[in-house]
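Chains as they are written, first to last, in my numbering: chain A, -3 to 282; chain B, -3 to 282; chain C, -3 to 282; chain D, -3 to 282.
A virtual CB, placed ideally from N, CA and C, is assigned to each residue, including glycine.
Protein chains: 4
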Amino acid sequence: MTFELGDNQYGKAETRLVRVDRGGERHRVTDLNVTTTLAGDLTATHLTGDNAGVLPTDTQKNTVYAFARDGVGEIEAFALRLAKHFVDRNAQIHRARVKVEQYGWEPIPATGHSFSRAAGTRTASVTYDGTTAWVVSGVQDLTVMNTTGSEFHGFPRDRYTTLQETSDRILATAVTAHWRHSGSGRVDWGPSFTGARDRLLTAFAATYSLSLQQTLYSMGQHVLSGDEGLAEVRLSLPNKHHFLVDLEPFGLDNPNEVYFAADRPYGLIEGTVKRSEAPDPGLAWW
Amino acid sequence: MTFELGDNQYGKAETRLVRVDRGGERHRVTDLNVTTTLAGDLTATHLTGDNAGVLPTDTQKNTVYAFARDGVGEIEAFALRLAKHFVDRNAQIHRARVKVEQYGWEPIPATGHSFSRAAGTRTASVTYDGTTAWVVSGVQDLTVMNTTGSEFHGFPRDRYTTLQETSDRILATAVTAHWRHSGSGRVDWGPSFTGARDRLLTAFAATYSLSLQQTLYSMGQHVLSGDEGLAEVRLSLPNKHHFLVDLEPFGLDNPNEVYFAADRPYGLIEGTVKRSEAPDPGLAWW
Amino acid sequence: MTFELGDNQYGKAETRLVRVDRGGERHRVTDLNVTTTLAGDLTATHLTGDNAGVLPTDTQKNTVYAFARDGVGEIEAFALRLAKHFVDRNAQIHRARVKVEQYGWEPIPATGHSFSRAAGTRTASVTYDGTTAWVVSGVQDLTVMNTTGSEFHGFPRDRYTTLQETSDRILATAVTAHWRHSGSGRVDWGPSFTGARDRLLTAFAATYSLSLQQTLYSMGQHVLSGDEGLAEVRLSLPNKHHFLVDLEPFGLDNPNEVYFAADRPYGLIEGTVKRSEAPDPGLAWW
Amino acid sequence: MTFELGDNQYGKAETRLVRVDRGGERHRVTDLNVTTTLAGDLTATHLTGDNAGVLPTDTQKNTVYAFARDGVGEIEAFALRLAKHFVDRNAQIHRARVKVEQYGWEPIPATGHSFSRAAGTRTASVTYDGTTAWVVSGVQDLTVMNTTGSEFHGFPRDRYTTLQETSDRILATAVTAHWRHSGSGRVDWGPSFTGARDRLLTAFAATYSLSLQQTLYSMGQHVLSGDEGLAEVRLSLPNKHHFLVDLEPFGLDNPNEVYFAADRPYGLIEGTVKRSEAPDPGLAWW
């Protein structure tokens, strides 16, 4: 009976980095949560504890901070710099993945150095194998709601079905979306992100929805159609159920006005929209 | 050896209520988390399990939903309606406290019925004893940062002091603030809230700070000075530490640019600012 | 129009301290989360930013770690040492409160130095004003369930009541309990805690319950009756509702077997049980 | 420019099910969090909102509750029943994955119907494609610590390395482990789980560790070696750093006694151990 090491990776998770750019009239705040993950020839440490190939996770953290000294810029570019460094400078490391979450801050008008936290998180993930870099941008914690324009009916019924069909329901979700760029060479990461995020919002709002899947597909299609540099997009949409409260026991009607917002369970709809001609990268890319 | 029942109360916590107002060009969403708490002559249920005086928490929840049928309006007014109902309709209930959290939603421009969640939470708490109603408005989860304009020095040093004095640090906090109204009869709850929230932000930004306590006092003073209907304000301000990263080991300087945002431990500064002439309500009011 | 500073305090929250005692056959782990809070003559820093009286929260953290060098022992004793230090060594500090959470670790039998985290958290809070020290011990995150032996009926009904009476329900709660010691001089903090915790569990289990309030009172009474050094106990008991699922639509009965465990809303029952002869300490002590 | 639907799935997440078995001297509690996920011929709902193939997530929830009526048993068996039902009864569904988390409850001795929550969570995941069922068992939230017996040195140093080598550190982690069974036909799910969990604990404790990777491999190997029905195991081990506090500024030494338990960042070590002869299932199985 013998055993062997399978897939493995390691890294430093959730390095919290805040950079302040103080040039210009108004300061700029870049508030990040960075996770670095390395894979490669790491058998020795698993089998014998020989760490000759294990770049410490502490060093990975230090590298994140040191690289920020020269400026961070767009998070896709920052992740690319880091991923290439780890692979190109460490022969035993064959793949690096750098994930970045960016928290938004809005100016408080009173000064040039005051900010308040905005909702929503921008994300980037770069995977680099020494030759190719895959860049994925995204958004999470973007919670949205349509108070009408959503139906759900025509579904199959079996012994366990009790759900009523509806032609007018609240549709609410917390969007997690990741879109993969065709290449890693573009420079307009910032406008590309803003555009994709805006199209997500607009498509969510403007799609008359017969199912959350239909909304998902529409959102994905709009993300891709507005940016030729994007190959595919993956969305994960929890259906944040809002149930109409039965007020009849109190002698009251409820013309789609009073709802109970439920926590659990929730529907979870996940799907991918791809540009038809896009080649398959052959990796779990989100 | 005898025992007796001391202070006690009970209620329904975190009833999640969403109301949609569908009149007008644009729908309006009111998204609330409501907690009701009752106190009074409740000895019997504690000592013998006689529930003749225990209005069920399930009934309290139902009442919240039923009252929303007529509209919610400003959360202070909604909490007043509920608190008065519970005390006035139940002889054995001598005090009701109704707490409401309101989550903000911003319109997505594409339609009249689409929204995205905004940061920050508005709160209201009403305490009613059958005669007087105390109304407290507030805000929580309002995270703010000044990237300069904050010093900290002149503090006492003892055997355990290692902190360096600083004349330029990041000051960041997540504001929880509660302000008590002098009476319960005002009708401008909405503008009053918006004004107080704006003054909190402006005071945080505009105060050149020698300590977070000084910023706290300034914030409180500005909240009160802009609204004669407010008697006192209590603030709870975690000091969200941002530590300058030492880049010297990497041959780099760090001119106040690269920071580590720490989670724990954190400073916690709490204080009250009162209008000097304001009478003491004699209750733990926040 | 003048303003003044009201109640205020400040401190360092959530200093995470782990101490390992390596003497003896088996190591001992003390895993704590310590919050220190000071109050006193702190007007200057609020009004002018003069920090001459502000013992930095960073120094408070350092003190926690330094005091742990001599051993921690029972958390009540550790909190007493810290609270007395802060008040006795700083003339401007008139009151210190030190709160400690202790996380339990159970030995893994294989070695003398291996442990796994157990459920439940032990707590202590000491308030010291230069003369008197109030010591409160407690427990939190102690989740318990009775699968029978709980009824709820005889409650008042009004227009908004829909709840059915029940003579057999699941009763589940996550216990938060704080009990105040009559003095601060006892030395058996450890056995006192273990005894109180055991009596809480036994009373919860053994009380045939007509209301969660009745269970609460019984739990409080048992805590006090087993330890003459305890003056009062305060309990906060969320009613973690378990609703019987209606399986009738699927042609199935449900003889009290299949439940939905709800998150929100939840009942929240809070109460105090006091030794009748116990003097009132005149402070919000929990 | 054309787009197409890529990988997609949907289901009901986090259905909270509690079942009480009341036969016998002592009641038995089965406390579950069930997530069902279906994939198949779902293009229509994405493209046109035609829901003829969309078994509602509400129906999936109902099915979970209805199936519990006949008893739950071991969670692997329960997940198998559900997964097979969804695929076998719905022609358009080609793959079901059912994930179950089980929360442990320990008896309170006083009665036969009283319980307290224990630490740690047991998990099961079944993936069924109409022909084959892959069964994965596991554990999460199992937090463990060795107070000695852990070194870390011999790692590469670069410009960004500041970490000191150590020959005695605390090693602490929160184990997430998933092990795949070779087949789906075994009946000893319960003893198999208990054995694997015990071997994880023993291997963690008994491995003298030169790296967390070495501990991971040892844990994986022990899980497999004790149960011939297991093909591979995947572990995800956050390195919960405990940093020795520098007490020298206070004139104190610190002989490996006083530590700061850090939250973020943390190392994250992930790896797979496989039986060498085990065929590759060709799916992301954990």
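### Query
Mind checking whether Ser180(C) and Val122(C) have CB atoms under 9 Å apart?
yes
### is_contact[Ser205(B), chain C] using C-beta, thresh 9 Å
yes
### Task
Report the option in His177(B), Phe200(B), Leu233(B) whose CA atom is closest to the CA atom of Pro275(B).
His177(B)
### Message
Taking the alpha-carbon of Ala168(C) as reference, which of Gln136(D), Arg195(D), Ser112(D) has the nearest alpha-carbon?
### Response
Ser112(D)
### Query
Got a sec, what are the start and stop residues for the alpha helix (DSSP H) Thr59(C) sits in?
53 to 64
#### Entry: Ser146(B), DSSP secondary structure in three states
strand
### Query
Roughly how far, in whole angstroms, is the beta-carbon of Tyr156(A) from the beta-carbon of Ala62(D), given that I think they are within contact range, below 8 Å?
The Cβ separation is near 6 Å, so the contact holds.
#### Entry: Complete runs of the alpha helix (DSSP H) confined to the region 60 to 137 of chain D [at least 4 residues]
71 to 84
### Query
Can you pull the DSSP bridge partners for Gly36(D)?
DSSP links Gly36(D) through a beta bridge to Ile89(D).
### Query
Which one or two residues does DSSP pair with Ala257(D) in a beta bridge?
His238(D)
#### Entry: Against chain D: residues of the region 65 to 82 of chain A by CB proximity under 8 Å
none
### Query
Can a CB atom of chain A be found closer than 9 Å to the CB of Phe151(C)?
no
### Query
Using a C-beta cutoff of 9 Å, does Phe246(D) count as contacting chain B?
yes
### Query
In chain B, which residues lie less than 7 Å from Asp259(D) when you measure between Cβ atoms?
Asp259, Arg260
### Nearest-angstrom Cα separation, counted from Arg22(C) out to Gly134(B)
Taking the CA atoms as reference points, Gly134(B) sits about 51 Å from Arg22(C).
### Query
When the Cα of Ala79(C) is compared with those of Leu38(C), Lys57(C), Val241(C), which residue comes out closest?
Lys57(C)
### Query
Is the region 188 to 198 of chain A touching the region 210 to 224 of chain A, taking contact as three or more C-beta pairs under 8 Å?
yes
### Query
Counting only beta-carbon atoms, is Ser110(D) nearer than 9 Å to chain C?
Yes, because at least one Cβ of chain C sits closer than 9 Å to the Cβ of Ser110(D).
### Task
For chain D, find out if any of its Cβ atoms is closer than 9 Å to the Cβ of Tyr213(C); answer yes or no.
no
### Query
Shorter than 9 Å from the beta carbon of Arg155(C) to some beta carbon of chain A?
yes
#### Entry: Within 9 Å, strictly: CB atoms of Asn86(C) and His42(C)
no
### Query
chain C beta carbons: is any one of them nearer than 9 Å to that of Gln136(B)?
no
### Backbone secondary structure at Thr169(A) - three-state DSSP
strand
### Query
What residue does the alpha helix (DSSP H) around Thr198(B) start on, and which one ends it?
185 to 202
### Query
Can the beta-carbon of Arg93(B) be found less than 9 Å from the beta-carbon of Tyr124(B)?
yes
### Message
Once the 5 residues before and after Gly267(D) are set aside, which same chain residues still bring their CB inside 8 Å of it?
### Response
Gln209, Leu212, Tyr213, Gly216, Arg230, Leu231
### Message
Rounding to the nearest angstrom, what Cα-Cα distance links Ala106(C) and Asn142(D) in this structure?
### Response
11 Å
#### Entry: Beta-carbon gap between Thr26(C) and Asp17(C) smaller than 9 Å
yes
### Coarse secondary structure for Tyr213(D), derived from DSSP in three states
helix
### Query
Along chain G, which residues have their Cβ under 8 Å away from the Cβ of Glu228(C)?
Of the protein chains in the structure, A, B, C and D, none is chain G.
### Task
Go ahead and pull the three-state DSSP assignment for Val30(C).
strand
### Query
Is it the case that the Cβ atoms of Gly150(C) and Asp46(B) are separated by a distance below 9 Å?
Closer than 9 Å, so yes.
#### Entry: Buried versus exposed, by CB contacts within 10 Å (16 or more), Ala64(D)
buried
### Message
According to DSSP, is Val219(C) part of a helix, a strand, or is it coil?
### Response
helix
### Three-way DSSP call (helix, strand, coil) for Glu266(B) in this model
strand
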